[in-house]
Amino acid sequence: MFEHFLHLAKDRLQRLGAECCRRALIWWDWSHEPGGHGNEERGLRLLKEWLSPEQLAQYEARRHFDVIGCHSGRRYRIHHGIAANIHEIDNAGRPRTGWCFVPNADLVAGDVMLAQKIALETDERSALAVARKFL
Numbered sequence: 018m019f020e021h022f023l024h025l026a027k028d029r030l031q032r033l034g035a036e037c038c039r040r041a042l043i044w045w046d047w048s049h050e051p052g053g054h055g056n057e058e059r060g061l062r063l064l065k066e067w068l069s070p071e072q073l074a075q076y077e078a079r080r081h082f083d084v085i086g087c088h089s090g091r092r093y094r095i096h097h098g099i100a101a102n103i104h105e106i107d108n109a110g111r112p113r114t115g116w117c118f119v120p121n122a123d124l125v126a127g128d129v130m131l132a133q134k135i136a137l138e139t140d141e142r143s144a145l146a147v148a149r150k151f152l
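Printed below as a string of structure tokens:
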């Protein structure tokens, strides 16, 4: 039984490592492109590379995408923007609570939304601990 669990854990870690390497290469290519950092077009391109196919389709159609919080399983909708752009969504798809948290840097919308996505999907509790609620 333990060997089976160990095998499953090893497979999951290998997949996770491969995905991390893929994303690191995307970031490396993006960060070493000529033309400087921080412009809106490049920020959106990087964001879109990190979105799942469902999230990308949602963003392309409505300029927002949903993420699932890693700890609570709650659904959050990240709207295009740099502040006060996250809403917790109820089971009927209606906004419940607004959340505002942003990186401590001057970033374009695509970079902010990517940071918000990663924070909610990987460390929801810490993100909400620093967030400000709004209605």
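Start counting at 1 in the sequence shown, then tack on 17, and there's your number in this note's numbering. Glycine included, each C-beta is placed from N, C-alpha and C at the ideal position.
Can you tell me which of 114, 111, 107 and 93 puts its alpha carbon nearest to the alpha carbon of residue 72?
93
Nonlocal neighbours in the same chain, by C-beta distance under 8 Å from residue 89, ignoring five residues either side:
141
Same chain, Cβ closer than 6 Å to residue 104, neighbours up to 5 away in sequence not counted:
94, 112 and 115
Separation of residue 20 from residue 118, as counted between CA atoms
42 Å
So, with DSSP's three-state summary, where would you put residue 135?
helix
Is it buried or exposed for residue 82, if we count other Cβ within 10 angstroms and need 16 for buried?
buried
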